[in-house]
Amino acid sequence: MNDFEALTAWIQPRHLSASESDGYRANFESRPLRVLHITDFLRADMAARIARFLDREATYEQVYALYADYDEERVSADVWREADNDSRYYSLGELTGPDPRFRLR
-10 MNDFEALTAW IQPRHLSASE SDGYRANFES RPLRVLHITD FLRADMAARI
40 ARFLDREATY EQVYALYADY DEERVSADVW READNDSRYY SLGELTGPDP
90 RFRLR
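By the working numbering, the letter at position 75 of the sequence shown is numbered 64, and the numbering carries on one by one without gaps.
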């Protein structure tokens, strides 16, 4: 038995029925990669609040990885820049938390 009441502030109501949940579970479990794509999941106001936080109130650290060093996960910016383009796996901003100006005191 599922209690979806607590989720109504965040999730579109059409996703909160037992039949939808069962359908998502069956879809998820039927795939070898265990990936589920749900469109229009969050309520618009909550999606806007999350987007605002990520855009204006969050801080990020730039992180780097190479294909050859993927087991070690990260490399320094210098190592990444010196590597051939084909060796670079990713460079991205990793969320580190809220900007100090927005933290509760």
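For glycine and all other residues, C-beta sits at the position ideal for the given N, C-alpha and C.
Cβ atoms of residue j and residue i: under 8 Å apart, would you say?
{"i": "residue 79", "j": "residue 54", "result": "yes"}
{"i": "residue -1", "j": "residue 41", "result": "no"}
{"i": "residue 17", "j": "residue 5", "result": "no"}
{"i": "residue 1", "j": "residue 29", "result": "yes"}
So residue i and residue j are in contact, right, with Cβ under 8 Å, and what is the actual spacing, rounded?
{"i": "residue 22", "j": "residue 49", "result": "The Cβ separation is near 27 Å, so there is no contact."}
Can you pull the DSSP bridge partners for residue i?
{"i": "residue 48", "result": "86"}
{"i": "residue 56", "result": "None; residue 56 has no bridge partner."}
Could you pull the start and end residues of the alpha helix (DSSP H) that residue i belongs to?
{"i": "residue 72", "result": "No alpha helix (DSSP H) contains residue 72, which DSSP labels as neither H nor E."}
{"i": "residue 92", "result": "Note, residue 92: premise wrong, no alpha helix (DSSP H); not H, not E."}
{"i": "residue 27", "result": "Counting along the chain, residue 27 falls outside any alpha helix (DSSP H), and DSSP gives it neither H nor E."}
{"i": "residue 36", "result": "33 to 41"}
Under a CB-based cut-off of 8 Å, is residue i close to chain C?
{"i": "residue 36", "result": "In the displayed structure, chain C is absent; only one protein chain is listed."}
Exercise for review: Pick out the complete alpha helix (DSSP H) segments inside the region -3 to 24, 4 residues or longer, and give them in chain order.
Suggested key: 7 to 18
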